[in-house]
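> Dumping the structure here so I can ask a few things about it.
Number of protein chains: 2
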Amino acid sequence: MASNVAPEPKPDRRTSILDAAERCFGRAGFHQASMHEICLEAGMSPGNLYRYFPSKETLIAGIAERNRNDAAESFALAAETENFFEGLQQLARHHLVDRSEHEVALCTEIMAESRRNPAIAKLFHDIEVDVKARIRAMLVRAAERGEINGAIDFDNAATMLMVLADGMSWRRAADPAFNAESMLPLIFQMVRCLLTQPAPTETTP
Amino acid sequence: MASNVAPEPKPDRRTSILDAAERCFGRAGFHQASMHEICLEAGMSPGNLYRYFPSKETLIAGIAERNRNDAAESFALAAETENFFEGLQQLARHHLVDRSEHEVALCTEIMAESRRNPAIAKLFHDIEVDVKARIRAMLVRAAERGEINGAIDFDNAATMLMVLADGMSWRRAADPAFNAESMLPLIFQMVRCLLTQPAPTETTP
DNA sequence: TGAATGAGAACGAGCGTTCACTCTCATAGC
DNA sequence: GCTATGAGAGTGAACGCTCGTTCTCATTCA
């Protein structure tokens, strides 16, 4: 991380700018946070900041990319556990409970932005696909080990787990007083049911 | 709802402006849609539009209020069914599947805005509280009828249902290709489990 | 010395908003 | 019947301001 081979002389400068921007964006939103504000937060003049990021757009993209990559990475770690439900529990705690309010706020911002900024949308979508593939792989492995029902639709089940995670995120964003931890037992009750019971008769009345 | 006692001569003008604003906001976001754009969409000059809404802020608040009220209202209707699971199914279809992509987009915008605009936050929170109370009442009534387990924690269960709904919303927002309808069977499998099975042993390891 | 690094005033564009004005039309006065 | 009156709907150029960005110039370091 410290010494790059080729042409990245001081990555710390860039990350500290991203840190400052993240604070401002989380506080005020992508389009209400001004570059002056970010410069102030980063302790840096506009002229200098623009030597590291050529536009506000790239700053937004940088934040979004870093945030999404962090999520995907933390995910990859927990996906490697031997016991499926234990891995899932660890994942849930990290992703649903431990995240700061600030991170949750940033997520809502990225989400809203990705609906109108194609570059962000692509980033967002690619990582979503990656995460879903990982969850699916976790499920398949768990089924092979006999931990969950092998007859379920793995794609739908993976999507459902993402729905649950998203729901917890949105709830945290909507209500600062929401106690994510207290919901975990119910979440796991439902997930166990989802993954171990036979699929319901697919009636669509 | 109507603030003035007597002289509300042409409410259609206000709603048609709100309609135009909703289209613009959904397309570009609250802070990237310009008043000029909204004026154009409404077929009206800025000067005239400002006779109906004194600021962009009030326009945003108007949109958010209308949107939230619509959601709460559609909710109140379905909550009155006799059979609990039937009412829930109807509610789910209306709220999770039938909503247009545009409405979903607007929701992400309102959510992001409510994290930094206290007026919107209050609006948002009040309606959330109202909806949760309604769901809770539905659950209590269902328990009295013996449709669901009477020993569950009604508050947590109501919150969990909202988590599910939020998750579906967010998933739709994140992925335009997401097929909400195909998830309904799984949702209902999980909800049945949540509401009819005994609560899990509350281990927090 | 020369390149890298940094500062901060300045710029033009675009924003939300205002203001001076016109148009429309029902009523009043003759 | 015809014009004067006045109130409200509607207009759009213009304003002040803030924004993202750039430019010029200083400082630091090797």
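Top line first, the protein sequences correspond to chains B and Y. So the first sequence is residues 8 to 212, counted in my numbering. So the second sequence is residues 8 to 212, counted in my numbering. For every residue, glycine included, the Cβ atom is placed at its ideal position computed from N, Cα and C.
Buried or exposed: Y/L84, going by 16 or more other Cβ atoms within 10 Å of its Cβ?
As a working mapping, residue 84 of chain Y is identified with position 77 in the second sequence. Counting Cβ neighbours within 10 Å, Y/L84 comes out exposed, since fewer than 16 surround it.
> Within its chain, find whatever has a CB closer than 8 Å to the CB of Y/V147; leave out the 5 residues flanking it on each side and keep chain order.
Translated into the one-based positions of the second sequence, residue 147 of chain Y becomes position 140. Hits under 8 Å: F161.
> I'd like the list of long-range same chain contacts for B/R30, defined as Cβ closer than 7 Å, with 5 residues on each side in sequence excluded.
Taking the first sequence and counting its residues from 1, the one referred to as residue 30 of chain B is at position 23. Taken in chain order, the residues that qualify are E48.
> Can you find a C-beta in chain B that's less than 8 Å from the C-beta of Y/D77?
Counted from its first residue, the second sequence places residue 77 of chain Y at position 70. Output row for Y/D77: interface = no.
> Within a Cβ cutoff of 8 Å, which residues of the same chain sit near Y/S62, ignoring the five residues on either side of it in sequence?
For this step, residue 62 of chain Y is matched to residue 55 along the second sequence. Same-chain partners within the cutoff: there are none.
> Which term fits Y/T115, buried or exposed, when burial requires 16 or more other beta carbons within 10 angstroms of its beta carbon?
Here residue 115 of chain Y corresponds to residue number 108 of the second sequence, with the count starting at 1. Under this definition Y/T115 is a buried residue.
> Between B/F135 and Y/A172, is the Cβ-Cβ spacing less than 8 Å?
Sequence index remark: in the first sequence, residue 135 of chain B carries index 128 (1-based). Sequence index remark: in the second sequence, residue 172 of chain Y carries index 165 (1-based). Here residue 135 of chain B is Glu; the residue named in the question, Phe, does not match the sequence. No.
> Which chain B residues sit within Cβ distance under 7 Å of Y/E135?
For this step, residue 135 of chain Y is matched to residue 128 along the second sequence. By Cβ distance, chain B contributes A181 and D182.
> Mark Y/T166 as exposed unless 16 or more other C-beta atoms lie within 10 angstroms of its C-beta, in which case mark it buried.
Walking along the second sequence from the start, residue 166 of chain Y turns up at place 159. It is buried - the Cβ of Y/T166 has at least 16 other Cβ atoms within 10 Å.
> Helix, strand or coil: how does DSSP classify Y/P125 here?
For the purposes of this step, residue 125 of chain Y is identified with residue 118 of the second sequence, where counting begins at 1. Three-state result, Y/P125: helix.
> Along chain B, in chain order, which residues have C-beta atoms closer than 7 Å to that of Y/A112?
By 1-based counting over the second sequence, the position of residue 112 of chain Y is 105. The answer, in chain order, is R122.
> Can you pull the chain Y residues whose beta carbon is under 8 Å from the beta carbon of B/H213, in chain order?
Lying before the first or after the last residue shown, residue 213 of chain B is absent from chain B, which here runs from 8 to 212.
> Please state whether DSSP places Y/P192 in a helix, a strand or coil.
Taking the first residue of the second sequence as 1, we reach residue 192 of chain Y at position 185. Residue state, collapsed to three classes: helix.
> Under a Cβ-count criterion, where at least 16 other Cβ atoms within 10 Å of its own Cβ denotes burial, should Y/A140 be classed as buried or exposed?
Within the second sequence, numbered from 1, the residue matching residue 140 of chain Y stands at position 133. With fewer than 16 other Cβ atoms within 10 Å, it is exposed.
> Quick check: what's the CA-CA separation for B/I67 versus B/F37?
For the purposes of this step, residue 67 of chain B is taken as residue 60 along the first sequence, with counting starting at 1. For the purposes of this step, residue 37 of chain B is taken as residue 30 along the first sequence, with counting starting at 1. Approximately 7 Å between the Cα atoms of the pair.
> Between Y/S62 and chain B, is the shortest Cβ-Cβ distance under 8 Å, so that the two count as touching?
Stepping through the second sequence from its first residue, residue 62 of chain Y is reached at position 55. Answer no: the Cβ-Cβ gap between Y/S62 and chain B never drops below 8 Å.
> Comparing alpha-carbon positions, which option in B/R106, B/A27 and B/M51 lies nearest B/G69?
The residue labelled residue 69 of chain B in the question sits at position 62 within the first sequence. Looking at the Cα atoms, B/A27 is the closest of the given residues.
> With DSSP run on the structure shown, which of helix, strand or coil describes Y/R152?
Start at 1 with the first residue of the second sequence, and residue 152 of chain Y comes out as number 145. Of the three classes helix, strand and coil, the one that applies to Y/R152 here is coil, per DSSP.
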